[in-house]
Amino acid sequence: MSPEFGHVALIVGLCLAVIQSAVPMCGTYFGAPRWMHMGRSLALGHAVFVMLAFISLTAAFLTDDFSVRYVAQHSNSLLPTQYKVSAVWSAHEGSLLLWSLVLALWSAAVAVFSKTLPLVFVARVLSVLGMIAVGFGLFILLTSNPFERTLPFPPMDGSDLNPLLQDIGLILHPPFLYMGYVGLSVPFAFAIAALLGQQFDSAWARWCRPWINIAWVFLTVGITLGSWWAYYELGWGGWWFWDPVENASLMPWLTATALVHSVAATEKRGVFRSWTLLLAIFAFSLSLLGTFLVRSGVLTSVHAFASDPERGEFILLFLCLVIGSSFLLFALRGPAIRSRTGFSGVSRETLLLVNNLILITSTAMILLGTLYPLIADALDWGKISVGPPYFNFFFVPLSLLLLASLGVSVSSRWRHTDPSGLRQKIKLPLIASILLGVLLPVPMASWYDNSGYAPSAAVTLIFTFWVLGASLHDALIKTASGNLMKLPASYWGMLCAHCGIAICALGVGLSTIYGVQRDIRMDLGDSIILAGYRFEFRDIRQFNQPNYVATQAEFAVYVGGVLERTLSPEKRHYHAGGEVMTEAGIDAGLTRDLYVSLGEPLGSSSWSVRVQVKPFVRCIWLGGLLVALGGILATADKRYRRRRSPKQLFTGSSGRASYEK
Amino acid sequence: MSNRLVLFAPLLVFTVFAPVLWLALERDPQELPSAREGQLFPDFSLSQLVDASKTLQAEDLRGEVTLVNVWATWCYACTLEHPMLNELATEGIKIVGLNYKDDRAAAIQWLERRGDPYAFTIFDEHGSLGLDLGVYGAPETYLLDAKGMVQYRRVGVLDERVWRDDFASRYTELVLAEENG
Chain A
3 MSPEFGHVAL
13 IVGLCLAVIQ
23 SAVPMCGTYF
33 GAPRWMHMGR
43 SLALGHAVFV
53 MLAFISLTAA
63 FLTDDFSVRY
73 VAQHSNSLLP
83 TQYKVSAVWS
93 AHEGSLLLWS
103 LVLALWSAAV
113 AVFSKTLPLV
123 FVARVLSVLG
133 MIAVGFGLFI
143 LLTSNPFERT
153 LPFPPMDGSD
163 LNPLLQDIGL
173 ILHPPFLYMG
183 YVGLSVPFAF
193 AIAALLGQQF
203 DSAWARWCRP
213 WINIAWVFLT
223 VGITLGSWWA
233 YYELGWGGWW
243 FWDPVENASL
253 MPWLTATALV
263 HSVAATEKRG
273 VFRSWTLLLA
283 IFAFSLSLLG
293 TFLVRSGVLT
303 SVHAFASDPE
313 RGEFILLFLC
323 LVIGSSFLLF
333 ALRGPAIRSR
343 TGFSGVSRET
353 LLLVNNLILI
363 TSTAMILLGT
373 LYPLIADALD
383 WGKISVGPPY
393 FNFFFVPLSL
403 LLLASLGVSV
413 SSRWRHTDPS
423 GLRQKIKLPL
433 IASILLGVLL
443 PVPMASWYDN
453 SGYAPSAAVT
463 LIFTFWVLGA
473 SLHDALIKTA
483 SGNLMKLPAS
493 YWGMLCAHCG
503 IAICALGVGL
513 STIYGVQRDI
523 RMDLGDSIIL
533 AGYRFEFRDI
543 RQFNQPNYVA
553 TQAEFAVYVG
563 GVLERTLSPE
573 KRHYHAGGEV
583 MTEAGIDAGL
593 TRDLYVSLGE
603 PLGSSSWSVR
613 VQVKPFVRCI
623 WLGGLLVALG
633 GILATADKRY
643 RRRRSPKQLF
653 TGSSGRASYE
663 K
Chain B
43 MSNRLVLFAP
53 LLVFTVFAPV
63 LWLALERDPQ
73 ELPSAREGQL
83 FPDFSLSQLV
93 DASKTLQAED
103 LRGEVTLVNV
113 WATWCYACTL
123 EHPMLNELAT
133 EGIKIVGLNY
143 KDDRAAAIQW
153 LERRGDPYAF
163 TIFDEHGSLG
173 LDLGVYGAPE
183 TYLLDAKGMV
193 QYRRVGVLDE
203 RVWRDDFASR
213 YTELVLAEEN
223 G
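These protein sequences, in sequence, are chains A and B.
Position in the first sequence (first residue = 1) + 2 = this note's numbering.
Position in the second sequence (first residue = 1) + 42 = this note's numbering.
What follows is the structure in structure tokens.
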């Protein structure tokens with residue numbers, strides 16, 4: 003399939019998107035059902051053509067068509083096949099194409115799974131999604147065409163994919179992240195459709211909820227994968243760097259997390275309606291802002307691609323158009339939104355409000371830290387840099403506050419919670435977590451080379467056990483008093499996600515506090531003892547791979563004289579670009595990671611070596627996955643499917659009644 | 043009425059905020075026109091990284107064309123450019139490190155592990171010199187002439203391409219100017 007075919011497919015896709023953005027929307031004003039019905043077929047058609055374009059770019063990579071500039075810049079004939087595929091989204095043009103594809107797939111999903119929603123509403127949603135697709139379609143075709151050729155003199159071979167990106171992490175991380183980023187466009191479109199149609203009731207919230215949850219699950223998995231990839235691939239054992247691009251993914255996640263909670267309150271109790279709508283707009287705006295920051299190169303970051311002012315201008319214009327018009331719409335239609343009020347000070351609503359405040363404060367704090375250099379620069383306040391110290395200073399206390407309120411929330415009820423009953427319920431987990439948290443660091447101090455008692459470890463453990471304890475305690479009470487199967491899937495989802503957050507916090511805290519690290523010079527045969535593990539440098543050898551030469555060392559790890567594990571860190575020299583990559587040797591375990599990476603050779607057989615023992619570092623990603631699993635469980639709840647059956651709709655739920663006028 | 047105005051708040055905030063992004067676009071973060079360019083390197087009095095008893099001053103940067111490289115252990119882009127700095131040092135180019143908002147022990151270990159291309163490293167624990175200098179983030183590299191004037195500044199990773207395109211000719215020019223007069 004030639005690249006020109008892909009180019010044409012992209013143009014056809016754009017044309018369909020233009021029609022999709024206009025015709026169904028106009029149909030809603032003229033009351034023309036046939037126009038409105040067109041939305042579905044147009045969304046599917048758009049998806050098919052963008053998919054064709056994507057396939058044809060992938061084919062160019064697989065067939066080593068170096069006459070295509072993008073392929074020549076990011077691939078090489080020696081590159082293993084799976085990386086030829088993932089190289090498609092390794093740089094600017096291709097990742098935008100992936101962005102568009104994902105958006106097209108989400109729109110198609112909305113078209114397919116919205117059969118039971120009112121036609122007017124679906125038409126509006128699909129039109130809004132169409133408008134976003136037009137924006138990105140134009141962006142690709144006008145500023146970043148991946149199909150551009152370098153004829154008549156194509157290079158003989160490509161300049162290779164950055165070795166950092168030749169990894170399973172890169173194959174998976176961007177698609178998941180994009181599914182999440184772009185998935186937030188669906189709740190956004192729902193919010194805009196609600197504002198246009200002035201429908202803000204519980205039915206709206208219920209339609210919206212599965213989409214929010216799924217997008218949020220993808221975003222969670224994407225961020226978790228990214229952090230895991232940074233940990234083992236970048237070669238020095240960190241897992242979060244407060245890099246602008248990481249922040250760009252964390253901000254939509256925090257906002258989406260707030261949205262997941264506030265939409266629950268809107269569905270169940272009819273409260274926070276305008277807030278939920280605003281959050282849906284915020285979440286997608288932040289994901290667009292993230293795209294702007296990454297793609298325009300206004301901030302320095304290792305993720306940043308070549309800066310191109312024209313591209314930046316385009317995204318900024320698009321950003322202003324999308325965010326400006328939705329905020330304007332919100333301001334104009336806002337007065338029509340009536341939230342049902344009436345909940346007491348001690349209730350689940352109040353706790354959700356606290357949760358939202360903390361999450362949004364965190365988002366604002368990160369946004370400020372990320373953009374501060376830009377703001378200061380634009381206002382000529384001098385150039386000020388913001389590093390991890392700033393982010394940690396704010397983020398750690400806010401997270402602890404969040405964990406504290408999380409433990410209470412599980413046992414709370416809607417509308418009104420009896421304070422004395424609540425006190426009774428949380429007494430046991432509270433006492434147990436404080437006891438365990440205060441006592442456990444005593445033996446831990448001796449387990450991990452760390453001589454003194456670590457108060458920060460006690461804090462971490464207290465908060466973790468508090469959330470875990472309160473969740474399990476609540477589950478025990480509920481299952482003891484009733485039938486286990488009666489509890490809805492969404493309840494288990496909530497518990498799972500909350501425990502995931504606690505486990506993630508445990509991993510973050512303990513690996514930071516008890517992690518030990520040595521950078522030393524080691525000769526063949528040398529040993530070093532770290533946290534009770536003896537690392538012995540046993541062997542070093544070279545071997546060839548198609549696209550690189552590797553120097554591989556062998557380290558034997560002993561515990562009390564018994565061989566526990568062999569680690570093989572590598573140093574790779576890539577042929578095409580001449581880059582040197584460090585592959586760490588890692589033995590992963592739930593309670594600890596053993597980590598060895600090779601530095602520079604110092605003489606004939608001696609090397610500088612970094613050895614690390616990181617307790618509980620796996621919990622960070624395990625926690626992330628549990629959070630995602632929680633989201634999946636909540637989405638799988640029977641209630642969404644039952645309420646969506648046509649029979650129910652025709653008997654007239656509150657949402658439908660108010661909608662037909 | 044006040045309720046209606048509150049609804050406009052997000053729009054207002056965004057309207058104020060968008061021009062900032064627009065202004066940011068005009069500026070290339072890789073080549074921020076430093077307020078320091080064409081001026082003397084700011085005065086400072088800070089300890090040396092490896093030997094805390096030694097105090098360094100702006101005079102220590104004079105007498106020779108010098109690169110001042112801002113780095114930190116928390117900056118992972120710094121690890122990417124480090125091999126290039128090592129190579130430049132072996133070619134006889136004087137590079138001075140400015141360790142920025144960092145932990146002394148960790149920074150020393152970092153250099154032991156990756157090699158030390160620096161003639162010496164200034165330990166700027168609280169970022170005071172960085173503030174005077176207008177450091178945007180790590181890594182950054184400043185090209186100083188023999189009189190200690192900042193001639194060029196680069197934000198971001200200094201790799202082979204950046205050296206070849208932006209530094210090499212400026213550096214050679216300064217060295218020749220120094221030799222001739």
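Built from N, CA and C at the ideal position, the CB exists for glycine as well.
The structure displayed is predicted, hence computed values, not measured ones.
Within chain B, partners of residue i - CB distance below 9 Å
i, result
"VAL610(A)", "The amino acid occupying residue 610(A) in the given sequence is Ser; Val does not appear at that position. Neighbours of SER610(A) on chain B, chain order: GLU154, ARG155, ARG156, GLY157."
"GLY228(A)", "Residues of chain B passing the Cβ test: none, with the nearest at roughly 14 Å."
"VAL582(A)", "PRO125"
"GLY47(A)", "None at all; the shortest Cβ gap to chain B is about 34 Å."
Terminal residues of the alpha helix (DSSP H) in which residue i lies
i, result
"LEU54(A)", "35-64"
"ASN394(A)", "390-412"
"GLN22(A)", "5-32"
"GLN75(A)", "71-76"
Where residue i sits in the DSSP three-state scheme
i, result
"SER346(A)", "coil"
"SER599(A)", "strand"
"ILE339(A)", "coil"
"THR214(B)", "helix"
"ARG594(A)", "strand"
"TYR194(B)", "strand"
"TRP244(B)", "In this structure chain B extends from 43 to 223, so residue 244(B) is not present and cannot be described."
"HIS575(A)", "strand"
"ARG567(A)", "strand"
"LEU82(B)", "strand"
"GLY238(B)", "Residue 238(B) lies beyond the residue range present for chain B, which begins at 43 and ends at 223; the question has no answer from this structure."
"GLY371(A)", "helix"
"GLY587(A)", "strand"
"HIS610(A)", "Sequence inspection shows Ser at residue 610(A); the His mentioned does not correspond to that position. In the structure shown, SER610(A) sits in a strand (DSSP, three-state: E or B)."
Backbone CA spacing between residue i and residue j [nearest angstrom]
i, j, result
"LEU218(B)", "LEU65(B)", "38 Å"
"ALA45(A)", "PHE56(B)", "31 Å"
"VAL223(A)", "PHE178(A)", "7 Å"
"THR514(A)", "VAL469(A)", "20 Å"
"ALA217(A)", "ALA282(A)", "12 Å"
"TRP231(A)", "LEU166(A)", "10 Å"
"PHE50(B)", "ALA258(A)", "22 Å"
"HIS577(A)", "LEU80(A)", "9 Å"
"ARG350(A)", "ILE436(A)", "24 Å"
"LEU354(A)", "PHE115(A)", "29 Å"
"HIS575(A)", "GLY132(A)", "46 Å"
"ALA74(A)", "SER92(A)", "13 Å"
"ILE137(B)", "VAL247(A)", "30 Å"
"LEU369(A)", "TRP255(A)", "13 Å"
"PRO120(A)", "LEU103(A)", "26 Å"
"PHE83(B)", "LEU186(B)", "8 Å"
"PRO75(B)", "HIS124(B)", "The predicted model places PRO75(B) with a pLDDT of 49, which falls under 50 and marks its position as unreliable; any figure quoted below should be read in that light. So the alpha carbons of these two residues sit roughly 24 Å apart."
N-terminal and C-terminal residue of the beta strand (DSSP E) that residue i is part of
i, result
"PHE539(A)", "535-546"
"LYS136(B)", "136-142"
"THR553(A)", "550-561"
"TYR184(B)", "182-186"
"PHE165(B)", "163-166"
"GLN84(A)", "No beta strand (DSSP E) holds GLN84(A); the alpha helix (DSSP H) holding it covers 83-88."
Within chain A, the residues that residue i reaches when beta carbons sit closer than 7 Å
i, result
"GLN151(B)", "ASP521"
"PRO52(B)", "LEU280, PHE329, PHE332"
"TRP116(B)", "GLY389, PRO390"
"ALA147(B)", "Per Cβ cutoff of 7 Å: no residues; ALA147(B) is ~10 Å from chain A at best."
Under 7 Å by beta carbon: chain B residues contacting residue i
i, result
"ILE377(A)", "VAL62"
"ILE325(A)", "PHE56"
Contact set between residue i and chain B, taken where Cβ atoms lie within less than 8 Å
i, result
"GLU585(A)", "Here the premise fails: no neighbours, minimum Cβ distance about 14 Å."
Three or more C-beta pairs under 8 Å: does that hold for the region 329-343 of chain A against the region 193-200 of chain A?
Below 8 Å, enough C-beta pairs join the region 329-343 of chain A and the region 193-200 of chain A to call them touching: three or more.
Take every Cβ of the region 66-80 of chain A, pair it with every Cβ of the region 31-46 of chain A, and state whether three or more of those distances are shorter than 8 Å.
With a cut-off of 8 Å, the region 31-46 of chain A and the region 66-80 of chain A do not count as touching, because too few Cβ pairs lie within range.
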